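Notes to accompany the following structure.
In the working numbering, the protein residues as written are 978 to 1044.
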């Protein structure tokens, strides 16, 4: 999976980043290297959030996929 990440320089120093494809997924770091490590952790955390079981009809199926 490839995701675009928007990286910003923070006014107070360091960097912060957001992942537009995942609303609310953002992180920060004092150095660019720290930011990169934090981005991976943030994306993993945002994608692993537990969700309520969707309601199903007789013809609906629920599948789990890996990306």
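Ideal placement from N, C-alpha and C gives every residue a C-beta, glycine not left out. Fair warning: this is a prediction, and the values are worked out from it, not measured in the lab.
query, result
"Identify the residues that DSSP records as bridge partners of residue 1003: which are they?", "995"
"Would residue 1024 and residue 984 qualify as a contact pair, given that the criterion is a beta-carbon distance under 8 Å?", "no"
"Do you know offhand how far residue 1000's Cα is from residue 991's?", "22 Å"
"Can you name the start and end residues of the beta strand (DSSP E) that residue 983 belongs to?", "983 to 986"
"Please report the distance separating the alpha-carbon of residue 1004 from that of residue 1017.", "10 Å"
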